[in-house]
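Everything below concerns the one structure shown next.
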Amino acid sequence: MSNQDTEKQEFNITVYTENQIGLLSRIAIIFTRRKINIDSLNTSPSEIESIHRFNIVINESEEVVRKLTRQIEKQVEVLKVYYHTNEDVIWQELALYKVSTDVIAEKVSVERLLRENGARAVVIRKDYTVFETTGHREETDNLISILQPFGLIEFVRSARVAIIKDSDGFNRKLREFERLEPGEDVIENEYLNQGQKVFTM
Amino acid sequence: MEVAQETLTTPAPTTAVEVSGSVALLEALIVEGVDTIFGYPGGAIMPIYDALFDYNDKLNHILVRHEQGGIHAGQGYARTSGKVGVVFATSGPGATNLVTGLADAQIDSTPLVCITGQVFAHLLGTDAFQETDVINITTPVTKWNYQVTDANEIPEVIAKAFYIAKSGRPGPVLIDITKNAQIQKFNYQGYTPCEHIRSYRPKPIVRTQYIQEAAELINQAKKPFIIWGQGVILGSAEQEFKAFVEKSGIPAAWTILGAGAIPTEHPQNVGMLGMHGNYGPNVLTNECDVLIAIGMRFDDRVTGRLDKYAKQAKVIHLDIDPAEIDKNVKSTVPVWGDCKETLPLLSKAIEAKQHTEWLDKFNDYTRQEVDAVIHDELNPTTPEMTMGEVIKQLNEITKGEAIIVTDVGQHQMVACRYAKFNKTRSNVTSGGLGTMGFALPAAIGAKFGAQDRTVVAIIGDGGFQMTLQELGTIMQSGVDVKIIILNNRFLGMVRQWQELFNERRYSFVDIQSPDFVAVAAAYRIAGKRIDDRADLPAALNEMLSNKGSFLLEVMVTKENNVFPMVPQGCSVSEIRLK
Chain A
431 MSNQDTEKQE
441 FNITVYTENQ
451 IGLLSRIAII
461 FTRRKINIDS
471 LNTSPSEIES
481 IHRFNIVINE
491 SEEVVRKLTR
501 QIEKQVEVLK
511 VYYHTNEDVI
521 WQELALYKVS
531 TDVIAEKVSV
541 ERLLRENGAR
551 AVVIRKDYTV
561 FETTGHREET
571 DNLISILQPF
581 GLIEFVRSAR
591 VAIIKDSDGF
601 NRKLREFERL
611 EPGEDVIENE
621 YLNQGQKVFT
631 M
Chain B
563 MEVAQETLTT
573 PAPTTAVEVS
583 GSVALLEALI
593 VEGVDTIFGY
603 PGGAIMPIYD
613 ALFDYNDKLN
623 HILVRHEQGG
633 IHAGQGYART
643 SGKVGVVFAT
653 SGPGATNLVT
663 GLADAQIDST
673 PLVCITGQVF
683 AHLLGTDAFQ
693 ETDVINITTP
703 VTKWNYQVTD
713 ANEIPEVIAK
723 AFYIAKSGRP
733 GPVLIDITKN
743 AQIQKFNYQG
753 YTPCEHIRSY
763 RPKPIVRTQY
773 IQEAAELINQ
783 AKKPFIIWGQ
793 GVILGSAEQE
803 FKAFVEKSGI
813 PAAWTILGAG
823 AIPTEHPQNV
833 GMLGMHGNYG
843 PNVLTNECDV
853 LIAIGMRFDD
863 RVTGRLDKYA
873 KQAKVIHLDI
883 DPAEIDKNVK
893 STVPVWGDCK
903 ETLPLLSKAI
913 EAKQHTEWLD
923 KFNDYTRQEV
933 DAVIHDELNP
943 TTPEMTMGEV
953 IKQLNEITKG
963 EAIIVTDVGQ
973 HQMVACRYAK
983 FNKTRSNVTS
993 GGLGTMGFAL
1003 PAAIGAKFGA
1013 QDRTVVAIIG
1023 DGGFQMTLQE
1033 LGTIMQSGVD
1043 VKIIILNNRF
1053 LGMVRQWQEL
1063 FNERRYSFVD
1073 IQSPDFVAVA
1083 AAYRIAGKRI
1093 DDRADLPAAL
1103 NEMLSNKGSF
1113 LLEVMVTKEN
1123 NVFPMVPQGC
1133 SVSEIRLK
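Protein chains in written order, with this note's numbering: chain A, 431 to 631; chain B, 563 to 1140.
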């Protein structure tokens, strides 16, 4: 077995599902049963009506991830599961920062720092202002430490969302998956939006 | 009930009629071909039971004594009939009592539809009387589950439930129906069975490329070996399997749940795999050059130590469940698909062959096993009886035609090793979960699932005491189940391990039992207890010819061990004969 198969690294698992109560729990227990921690979990409606997309991040070996994806895909209401390394995806996390409006108004440096870090004001009130930024973990972390001295009131960060880097990479993955996990070639085309490139490999 | 049931039963009504959710449920069961339900009423499922009162002539409801008994009976029914077992239970404790049976059915791929009552929808989450979160409790042990809170959903949800339970790799489905939905009247449009769910692919598509690759490996193999599991039976592929075995000339061994897919006496059937399986199949797993696994999942009780399992062999794995491929044993060629479809393709692509020398090797090992273990187990000279000789006597009388239902432990291993199975769907046992208390209720269900066959439950003195309340079900339903208790006055399998691995520190394994014959008599079930070998044939004959159920308690050697044995953590080739 190659090192690549057994070495732990971050994997982005993408799951397309029906919108069904209880499915989150059914998917989550596949990880918890094996005592695997979910580092990040995002679920929201996909671009296709009635289909949801989960982005799950775990730190595991490819061998384990491959088995997990099959267990997930086995669930009745799961349409399709893919996994990718960080290299294969473009990913972002969204962060919101609440800071005192007075501080920003008084200290020009703060405004500059925010601008330099790509932050954008979402809400401006008399008492506080909410900025948002997106990026990798280090980037959103970085802004916390920058704002901390100026009295950061509140901070929140979203789960990771990830999109496949290029169609080639996706194609290769899909072909590999199809070898390991048989089925009519992209049977989901029947049901999913054919116009979407991601589904029409 | 407002509407006479005659107007509802299939075919579906052309115009909508107003019925309750409960009636819609029972109508669905009838269209699905259900004839028997195992259940127990209670507060939250009362509207369904009220409707059932009018369906007595169409649906045979068997009142069990405990919901666990109900679900094991449903499993026994499913295993012998090949149909979906149906179980009713109420909310709260009724539903939680199903959990062991669900876990058992999940791991042994048994198709079940369990209906549980639930508190009124407006009470969900309020800690109402007999409310439990049944959906979340049962999620890990069901193939699918769903909570119905509106009667309009019932026809479609029940249709999905049956389709999911029986298609692909079968499994248990639980539908939780709140009381308001059971009572609620709605416009019933008839019942249409489900044939497709867009997110669910029960069968992988067969890839001819893999069939070709597998056939090439088989054609070149010098020492090929077939190992098969319950998948052959679940796929109703016994004929296709036999044709494959016979054309290929390859020796074939079975997992405990695969027993009987081809007859025990078939010349290429070389025996049982695994921890207490036969000598040859275990040792030669590590000598074969091509291992052909069919409808089996490489359970740890079959493989022993995984990193020393068949490392020399190229592995062809036929399975309907993609998640099983490469899960435990890496396959060289994965043959995805339903073996009813893949086996004929494979048979066509292989050359007809004989592997006489290789088969002889298995027979050599069999001879060694007979000398070291089997002969003395089946023909003991000890004053006390062995479990093996009871099974041998039983074989002689039933001629391998009976359905054998076993519980869990030493008697299970002995029965499965020595019982003769001429027919498929004859071996009913708790394989994956190892559920003590399974056999008595499962035997009840097994008989309802195969009414024209003799059902013999073989149970230990420990396991019998876990579900003996189901004697009440036998009494009331009049079902004909023959019960053999092999009483060694110990929890024998744990005792065996304590003897072999814990320096005979017998920790809580000496179990006392009541007078089982007297217990049976209290339930008006005939019975007999024997401890003399000379009485065995007559007692077995008396049991089998008795009209109605019979309990035969056989006193056997206290400290006998089941051998051969692959100790835990050892390779299959390190199997011990003593």
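Beta carbons are placed, not taken as given, at the ideal position from N, Cα and C, and that holds for glycine.
As computed with DSSP, B/LEU736 is found in a beta bridge with B/CYS676 and B/ASN707. Listed in chain order, the positions of the stretch 453-473 of chain A with a beta carbon within less than 7 Å of a beta carbon of chain B are SER455, ARG456, ILE459 and ARG463. Chain-ordered listing is empty here: chain A has no CB closer than 8 Å to the CB of B/ASN925, the nearest sitting near 37 Å.
With contacts defined as CB atoms closer than 8 Å, B/ILE739 and B/ILE818 fail to qualify as a contacting pair. In the three-state DSSP reduction, A/SER474 falls in the strand class (E or B). The beta carbon of B/ASP670 does not come within 8 Å of any beta carbon belonging to chain A, so the residue lies off that interface. Those residues of the stretch 486-518 of chain A placed with their C-beta closer than 7 Å to a C-beta in chain B are LYS497, ARG500, GLN501, LYS504, VAL506, GLU507, VAL508 and LEU509, ordered along the chain. The Cβ of B/LYS705 sits closer than 8 Å to at least one Cβ of chain A. Collapsing the DSSP output to three states places B/LYS1090 in a strand.
Of all C-beta pairs linking the stretch 481-494 of chain A to the stretch 674-691 of chain B, fewer than three are shorter than 8 Å, placing the two stretches out of contact. Within the stretch 744-776 of chain B, contact with chain A at the beta-carbon level (separation under 7 Å) is assigned to ILE759, ARG760, SER761, TYR762, ARG763, PRO766, ILE767 and ARG769. For B/PRO813, none of the residues of chain A pass the 8 Å Cβ criterion, the least Cβ distance being about 29 Å. B/ALA721 places its beta carbon less than 8 Å from that of B/CYS756.
B/LYS645 carries a coil assignment under DSSP once its states are collapsed to helix, strand and coil.
Counting C-beta pairs closer than 8 Å gives fewer than three between the stretch 596-606 of chain B and the stretch 948-968 of chain B, which falls short of the contact rule.
Its chain contains GLU507 as the residues whose beta carbon lies nearer than 6 Å to that of A/GLN450, once the 5 sequence neighbours on both sides are disregarded; these appear in chain order. Secondary structure note for B/TYR750: its beta strand (DSSP E) is the uninterrupted segment 747-750. Taking a Cβ-Cβ cut-off of 7 Å, B/ASP712 has no neighbours in chain A, whose nearest Cβ is about 13 Å from it. Rounded to the nearest angstrom, the gap between the Cα atoms of B/THR770 and B/ASN984 is 33 Å.
DSSP places A/THR447 in the uninterrupted beta strand (DSSP E) bounded by 438-448.
With contacts defined by Cβ atoms closer than 8 Å, B/GLU589 and B/PHE724 do not form a contacting pair. Taking a C-beta cut-off of 8 Å against chain A, the contacting residues of the stretch 859-892 of chain B are ASP883, PRO884, ALA885, ILE887, ASP888 and LYS889, listed in chain order. With 16 or more neighbouring CB atoms inside 10 Å of its own CB, B/VAL719 falls in the buried class. In the structure shown, the three-state DSSP call for B/VAL593 is helix. When Cβ-Cβ separations below 8 Å define contact, A/GLU477 makes no contact with chain B.
B/GLY638 has no beta-bridge partner at all, per DSSP. Around A/GLU437, no beta-carbon contact reaches into chain B at under 8 Å, the shortest distance being about 18 Å. Taking a cut-off of 8 Å on C-beta distances, the stretch 464-481 of chain A does not touch the stretch 728-745 of chain B, as fewer than three cross pairs fall below it. Contacts between B/PRO702 and chain A, judged by CB atoms closer than 7 Å, involve ILE459 and ARG463 in chain order. Any Cβ of chain A closer than 8 Å to the Cβ of B/ASN698 would place that residue at the interface, and such an atom is present. Of all residues in the stretch 713-741 of chain B, only ILE726 come within less than 7 Å of chain A when Cβ atoms are compared, listed by chain position.
B/GLY604 is not a Cβ neighbour of B/THR662, given a cutoff of 8 Å.
Pairing B/VAL768 with B/LEU907 gives a Cβ-Cβ distance under 8 Å. Annotated as proximal: B/GLY1034 and B/TYR1085, with beta-carbon spacing under 8 Å. Contact of A/GLU569 with chain B is not assigned, every C-beta pair being separated by 8 Å or more. A/TYR527 and A/ARG463 have their C-alpha atoms spaced approximately 35 Å apart.
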